[in-house]
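Numbering (full-length UniProt numbering), first residue to last: 1 to 447.
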């Protein structure tokens, strides 16, 4: 029998995942169902240990080289934002389905980040656009049940998994052939076009270095950490087998791109349901950015109402409402409760963000809770939107950048409203692996 424990308070989640992370940071075997290989690889399902640590380090280094979270990384969003604004302008205020309208642009932003500008007109990428939505709209209970269902039965219920992995393989093989013609090797100063280029450069460097060596990936993974260069070599070793970084691709695509899209839809829906906050965002955009310059991450520290509204959406409607499940690696006591080895842990992020001990009127949408008496943004420190500890979301900065740039760019140029004579969407949303807003339409009226 497998026991499951649900953590529903921020302090307890922090105690488990941060203070006692060595015990709580493993993953259940059933998460392999989300992988193309059906095994514990990639970012989400990878078991805790040296490979996971090196992989996080490796991911962080590539993110830094790409400028994610700072002005340098805005290039990944520039073209998609320009084309989105053109599309909204051409709609002349007609009702548009929010998800359908935004999904292709968010997906393109992700494609530029992961594949670089070479992603333009790639047919394999085009085939993937709807797959994350179809896959992640499954009931979470099904993913749990997949632990005991026959593999062939699960594959019949999740046909898009094969579609995704086949398309990934096509793209990956093409880029690897291109990369083999280059002389790129990895360093922290490497100029990269995409995340995939970073993966392939590190892998190529590792494989070249070890062609004449008898050491194995597992040998590299189990040695002491040593200096930074040695650690980066082991990070490359952790991803040397194709299936590891193929699964990273899958995780970033299904979990990263789709989750960011859902979070963006929540923010748009909230500013439409609460137009007074939409006006406040537009007023400060006019004052801080103006109408000619494009919003930039440099403006974040001066856009207080914008940051407060985004933070309140993160609190009010967390997309990963139950987080990703963890597995306990040894017997443990937590707050007086005995948690046996092998138990599953869920973090009830929704409950933690609606805890009346921490939040006044937690079921009320109020960005003002993140503004001080002078109207300045107060950085929240009691939220776990992107989880915590060594299993926190590795794409957090990419998602935060996307949300900020999309919202500010759209609201700088357009006022959003619901179509006339249509009911407002149910703010409770729809449950699933991702907690998504109900379907809604937008009318983008040029300002």
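Ideal Cβ positions, reconstructed from N, Cα and C, are used throughout, including at glycine.
Would you call the CB atoms of residue 114 and residue 196 closer than 7 Å?
Yes.
What do you reckon, are the CB atoms on residue 95 and residue 443 nearer than 7 Å?
Against a cut-off of 7 Å, the Cβ pair of residue 443 and residue 95 comes out as a contact.
Closer than 7 Å by C-beta to residue 9: which residues in its own chain qualify, once you throw out the five before and the five after it? Chain order, please.
The residues are 352, 355.
For residue 491, list the residues DSSP reports as bridge partners.
Residue 491 is absent from the structure shown; the chain starts at 1 and stops at 447.
Going by alpha carbons, who is nearest to residue 337 out of 272, 12, 1?
Each of 272, 12, 1 was checked against the Cα of residue 337, and the nearest Cα belongs to 12.
Could you tell me the alpha carbon to alpha carbon distance between residue 491 and residue 290, rounded to whole angstroms?
Because residue 491 is not part of the residues shown, which for the chain are 1 to 447, the question remains open.
Where residue 14 falls: helix, strand or coil (DSSP)
For residue 14, the secondary structure class from DSSP, reduced to helix, strand or coil, is helix.
Neighbour flag for residue 69 against chain D, beta carbons, 7 Å
Judged by its chain identifiers, the structure shown contains no chain D, having just a single protein chain.
For residue 7, count the other beta carbons within 10 Å of its own beta carbon; 16 or more makes it buried, fewer makes it exposed. Which is it?
That one is buried.
Can we say the region 358-376 touches the region 390-405, given the rule of at least three CB pairs closer than 8 Å?
They do not touch, by the three-pair rule.
What's the C-alpha gap between residue 317 and residue 350?
Looking at the two C-alpha atoms, the distance is approximately 7 Å.
So which of 447, 271, 413, 103 has the shortest CA-CA distance to residue 257?
Ranked by how close their Cα comes to the Cα of residue 257, the residues 447, 271, 413, 103 have 103 in first place.
Whether residue 49 touches residue 390 by CB criterion (7 Å)
In this structure, residue 49 keeps its C-beta atom at 7 Å or more from the C-beta atom of residue 390.
On the three-pair Cβ rule with 8 Å, is the region 268-280 touching the region 300-309?
Taking 8 Å as the limit for Cβ pairs, the verdict is that the region 300-309 does touch the region 268-280.
Is it true that the CB of residue 398 sits closer than 7 Å to the CB of residue 68?
With a cutoff of 7 Å on beta-carbon distance, residue 68 and residue 398 are scored as near each other.
Starting from residue 274, trace the alpha helix (DSSP H) in both directions and tell me its first and last residue.
Residue 274 -> no alpha helix (DSSP H), and no H or E assigned at all.
Can you tell me where the beta strand (DSSP E) with residue 5 in it begins and where it stops?
Where residue 5 is concerned, the enclosing beta strand (DSSP E) stretches over 4-7.
For residue 366, the nearest candidate out of 314, 347, 331, 5 (CA to CA)
Closest option to residue 366, Cα to Cα, is 314.
By DSSP, does residue 332 sit in helix, in strand, or in coil?
Of the three classes helix, strand and coil, the one that applies to residue 332 here is strand, per DSSP.
Which residue's Cα is closest to the Cα of residue 431: 262, 392, 273?
Selected option, being the one with the closest Cα: 262.
Where do the N-terminal and C-terminal ends of the beta strand (DSSP E) with residue 346 fall, by residue?
Counting along the chain, the unbroken beta strand (DSSP E) around residue 346 starts and ends at 344-347.
Please report the straight-line C-alpha distance between residue 144 and residue 395, rounded to a whole angstrom.
Note that residue 144 has pLDDT 49, beneath the 50 cutoff, so the model's placement of it is unreliable and no number is given.
Confirm, please, whether the CB-CB distance from residue 441 to residue 97 is below 7 Å.
A contact, by the Cβ cut-off of 7 Å.
Cβ separation of residue 417 and residue 445, assumed to be a contact under 8 Å, to the nearest whole Å:
That pair is a contact at about 7 Å.
Do you know how far the Cα of residue 345 is from the Cα of residue 5?
Between the C-alpha atoms of residue 5 and residue 345 there is a straight-line separation of about 5 Å.
Since residue 327 sits in a beta bridge, which residues does DSSP pair it with?
Paired residue(s): 26, 344.
Look at the Cβ atom of residue 66, then the Cβ atom of residue 200, and state whether they are nearer than 7 Å.
Result no, Cβ atoms of residue 66 and residue 200 do not sit closer than 7 Å.
Using DSSP with H/G/I as helix, E/B as strand and the rest coil, what is residue 414?
Looking at residue 414 - three-state DSSP - the assignment turns out to be strand.
Quick one: what's got a C-beta closer than 7 Å to residue 274's C-beta in the same chain, skipping five residues either side?
These residues qualify, in order along the chain: 365.
Rounded C-alpha distance that separates residue 270 from residue 333:
Roughly 40 Å between the two C-alpha positions.
Do residue 85 and residue 378 come within 7 Å of each other at the CB atom, strictly closer than that value?
By the CB criterion at 7 Å, residue 378 and residue 85 fall outside the cutoff.
Expressed to the nearest angstrom, what Euclidean distance is found between the alpha-carbon atoms of residue 29 and residue 52?
Answer to the nearest angstrom: the Cα atoms are 15 Å apart.
Can you name the start and end residues of the beta strand (DSSP E) that residue 338 belongs to?
From DSSP, the beta strand (DSSP E) with residue 338 extends over 337-339.
Going by DSSP, what residue range makes up the alpha helix (DSSP H) through residue 316?
304-316 is the extent of the alpha helix (DSSP H) around residue 316.
Indicate whether residue 434 and residue 259 have their beta-carbon atoms separated by less than 7 Å.
With contacts defined by Cβ atoms closer than 7 Å, residue 434 and residue 259 form a contacting pair.
Helix, strand or coil for residue 430? Go by DSSP, reduced to three states.
Strand, per DSSP.
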